[in-house]
Amino acid sequence: MDSYPRSTVLRGTAAVVVVALLVACAGLTLAYEPPQLGAGTIKDPADGTTAVAVQGFHFQGEGSEKKPARLLRVNETGGITELANGTDRGVNWFYDVDPLDDGNLLVTSTVPGDTVAYELNPETGERVWEQRFDAEDTHDVAMLNEHELLVANMRNTPEDGGVSNDRLFVYNLTTDEVVWEWYFKDHYPHDLDNGANSDDWSHVNDVDQIEEGRFLVSPRNFDQAIVVNRSTKEIEMRLGEDGNHSILEEQHNPDYLESEDGTPTMLVADSDNDRIVEYERDCGDADPGLGAGTPPEECHWDLVWELGEDQFNWPRDADRLPNGNTLITDSLNHRVVEVTPQGEVVWEARTPWGPYDAERVKYGPESNGPTMRDQGVNGSFRLQEANSTNATAGIGSTGTEGTSFPEWIQRTTAGWPGEAAFDEFAETWEGVSQWVKPVWMAPWGFVTLVGALVLSVGWVLAELVYNRRRVYRRVTSLRSARTE
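In terms of the working numbering, the sequence shown opens at residue 25 and continues consecutively.
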């Protein structure tokens, strides 16, 4: 019996694989339920309304009406009202949102090339005032008092490629001028992380005043949360160190708390470690307290509480509530949850796509509750979900609990040569695919579609190489025919 030529077998195999991948994509997508705005698990009604800033999707000047940046108000039982939609206002992203004393919201948003901070009246939808800054991709603007705004200014590298001017600055609304500045280049080695000449050196994503004249700052790319003194410009506290991902890895929105005995404590969304952590400061025999003057290098931080490692998906905010629970923004699971110290989810709102910040409005910005030490809680806890579907909406193959593609890559390649490269690919996929993937397509379906496209492109290129002489003759013949 004559065998088929090798080229025919290879073509047939490629065709079968491509068709199988496309069929898998269709099947997975038909079974998929994409994240939708609405209530999730509600075991206990929330103690008041919750403001949520959703980053949304915007790529190279083109927004997605199906994945918009938006501001949401969530009631006690998970009912959602849209306060603002970025598609209507030309907003690329919504980032930090801070409740003000009068119930209005301080909003940080970006438009092409600039940052717009404004006060929003959530009842009328009107902007009380707004301030535009020549600053790219600012994630946080905090109000210090009725006259001053504190701004985290990232991606501030000169166009000529010089040393980054990433900074903090205080802007006076009354006098319309910058009245204070603090530059990362004056306090960090220029070869730290990707280097001070990179387009995004510090990626400072959060800044808050924790007491008069002291600012809690989050330079994400340095894997640190620091306290800066406004008067002396010294770094008075430092949690974490660049590259030591066992402490923090590309964190967001740290909060400063104190135990009843005055022990400094930080609650942090440890984003790339997919967990929430709480650390307390230990300076041995020296005073660890805020303002005591004990240098950062003479202290260390003890992990007191860890929640949901590898169950969250890129969490970017965690606030301690007065009842001892923690309000968590689980960004790439597209939801906000309230969780007990032991990990039980008691309240959940589904808020696609990519929520960035959530605040329980009546308690103001950031944390307003007890530390875990004061609650007698210590240790590592897993999330306890009433409905596992809600835990992984948008990352499993059908929207149900399962292993995501990035997780599968990391687990499969653990211990392989080049493991770091596989990890980097997995993290890049996790971030980018959420924005590129159509709303209606299953995440694993998107993986199979990309696989089919990559294989098809490779097949076409292989055919061109295999038939290069025939292609060359055909092109030459066409050129000759045109010249006759």
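Cβ coordinates follow ideal geometry from the N, Cα and C atoms, glycine included.
- V361 and L96 have their C-alpha atoms some 14 Å from each other.
- A straight-line Cα-Cα distance of about 4 Å links F239 and Q233.
- Secondary structure at Q434: helix, using DSSP grouped into helix, strand and coil.
- The three-state reading of DSSP puts W329 in strand, counting E and B together.
- Under the three-state reduction of DSSP, D112 is assigned to helix.
- No Cβ-Cβ contact shorter than 8 Å links D247 with P278.
- In this structure the stretch 323 to 332 touches the stretch 389 to 406; the number of beta carbon pairs closer than 8 Å is three or more.
- Burial check for P376: the Cβ neighbour count within 10 Å reaches 16 or more, so the residue is buried.
- Here the alpha carbons of K386 and V98 stand approximately 13 Å from one another.
- Scanning the stretch 92 to 167 for uninterrupted alpha helix (DSSP H) segments of 4 residues or longer gives 110 to 113, listed from N- to C-terminal end.
- Just so you know, the alpha carbons of G219 and W225 end up roughly 6 Å apart.
- Using a C-beta cut-off of 8 Å, the stretch 32 to 50 makes contact with the stretch 462 to 481, since at least three inter-stretch Cβ pairs fall below that distance.
- The three-state secondary structure of V187, taken from DSSP, is coil.
- By the C-beta density criterion, W440 is exposed, having fewer than 16 other C-beta atoms within 10 angstroms.
- In this structure the stretch 331 to 340 lies against the stretch 282 to 300, because at least three pairs of beta carbons, one per stretch, are closer than 8 Å.
- In the DSSP annotation of this structure, T32 is not part of any beta strand (DSSP E); the continuous alpha helix (DSSP H) holding it starts and ends at 30 to 54.
- Secondary structure of A466 (DSSP, three-state): coil.
- Counting only runs of 3 or more residues that sit fully inside the stretch 171 to 221, the beta strand (DSSP E) segments are 172 to 177, 191 to 196, 201 to 207, in chain order.
- For I271, the closest of I300, E284, G286 by C-alpha to C-alpha distance is I300.
- In the three-state reduction of the DSSP assignment, Q399 falls in the coil class.
- The distance from the Cβ of R344 to that of T350 is about 6 Å, consistent with a contact at the 8 Å cut-off.
- Per DSSP, reduced to three states, the secondary structure at L356 is helical.
- Annotation: Q366 is outside any beta strand (DSSP E) and is labelled neither H nor E by DSSP.
- Taking a C-beta distance under 8 Å as the contact criterion, L356 and G332 do not qualify as a contact pair.
- Apart from sequence neighbours up to five positions away, the residues of its chain that approach K461 with a beta-carbon distance below 8 Å are P467, F470, ordered along the chain.
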